[in-house]
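Here is the structure we will look at.
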Amino acid sequence: MENEQPPVRINIFKAVLGLLAAVGVTAAIFYFRTSIEQYKAVSYPAIFLISVLGNATVIFPAPSYAIAFSGGAVLNPYGVGVAAGLGAALGELTGYLIGSSGRVIAKSNLHARFEALITKWGWLTIFGLSLIPNPFFDIGGIVAGMMKMPVWKFLLATAAGKVIRFTVFGVLGKTLLGN
126 MENEQPPVRI NIFKAVLGLL AAVGVTAAIF YFRTSIEQYK AVSYPAIFLI
176 SVLGNATVIF PAPSYAIAFS GGAVLNPYGV GVAAGLGAAL GELTGYLIGS
226 SGRVIAKSNL HARFEALITK WGWLTIFGLS LIPNPFFDIG GIVAGMMKMP
276 VWKFLLATAA GKVIRFTVFG VLGKTLLGN
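Written as structure tokens, this is what we have:
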């Protein structure tokens with residue numbers, strides 16, 4: 126039972142579901158762009174909430190990147206970047222809290238590498254992990270929690286990286302799809 130991985134079919138299903146959700150959200154936002162422009166007041170909080178939920182779990186593949194990309198085409202890409210980035214940072218607290226809870230988590234070579242990086246570079250490691258799209262941020266967040274990195278440092282570093290990342294996606298959306 127130790128280190129059981131989900132069957133490949135489940136991983137493929139999750140990837141396809143995430144891709145379909147991203148395409149669907151992008152198409153819907155582009156199709157309803159005039160309505161979205163009219164309701165800017167609720168659009169940014171909706172982006173924030175979807176980003177929180179999408180980053181709080183790996184079970185529901187919320188299309189955060191697609192929302193930032195297509196939302197940036199319709200709304201202010203900098204506002205979209207801030208809303209999506211802050212929401213993502215808040216959602217990433219789940220991994221940090223799992224690590225800080227003291228629950229025993231199987232250690233791996235990757236875990237040891239992140240522990241060494243966080244010991245050496247501290248919050249800069251978390252900033253780097255959150256800035257660049259990669260599948261390893263959750264592990265970094267868990268390790269940061271296990272190492273008792275102050276939550277404010279974790280949250281600030283995560284928010285800075287995620288806001289920059291999602292702003293780039295928003296600006297790309299404005300550049301490629303904007304009116």
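Position in the sequence shown (first residue = 1) + 125 = this note's numbering.
Built from N, CA and C at the ideal position, the CB exists for glycine as well.
Between the CA atoms of residue j and residue i - distance to the nearest angstrom
i, j, result
"residue 176", "residue 242", "27 Å"
"residue 299", "residue 237", "40 Å"
"residue 244", "residue 283", "17 Å"
"residue 182", "residue 281", "20 Å"
"residue 127", "residue 259", "Because residue 127 carries a pLDDT of 48, less than 50, the predicted location of this residue cannot be relied on, and no value is offered for it."
Top-ranked residue by Cα proximity to residue i, from the options
i, options, result
"residue 178", "261, 202, 282, 214", "214"
"residue 290", "169, 261, 211", "211"
"residue 188", "174, 254, 227", "174"
"residue 217", "292, 232, 252", "252"
"residue 169", "232, 181, 200, 247", "200"
"residue 226", "180, 266, 302, 303", "266"
Check whether residue i and residue j have beta carbons under 8 Å apart
i, j, result
"residue 193", "residue 286", "no"
"residue 209", "residue 172", "yes"
"residue 224", "residue 268", "yes"
"residue 190", "residue 279", "no"
"residue 207", "residue 288", "yes"
"residue 235", "residue 257", "no"
"residue 262", "residue 254", "yes"
"residue 240", "residue 272", "yes"
Simplified DSSP assignment, three categories, for residue i
i, result
"residue 126", "Unreliable positioning characterises residue 126 in this predicted model, as indicated by a pLDDT of 44, which lies under 50. The coordinate reading is nonetheless provided below. Residue state, collapsed to three classes: coil."
"residue 273", "coil"
"residue 226", "coil"
"residue 258", "coil"
"residue 250", "helix"
"residue 234", "helix"
"residue 201", "coil"
"residue 219", "helix"
"residue 182", "coil"
"residue 295", "helix"
"residue 188", "coil"
"residue 71", "As displayed, the chain neither begins before 126 nor continues past 304, which places residue 71 out of reach and without an answer."
is_contact[residue i, chain B] using C-beta, thresh 8 Å
i, result
"residue 292", "Going by chain labels, chain B is absent from the structure shown, which holds only one protein chain."
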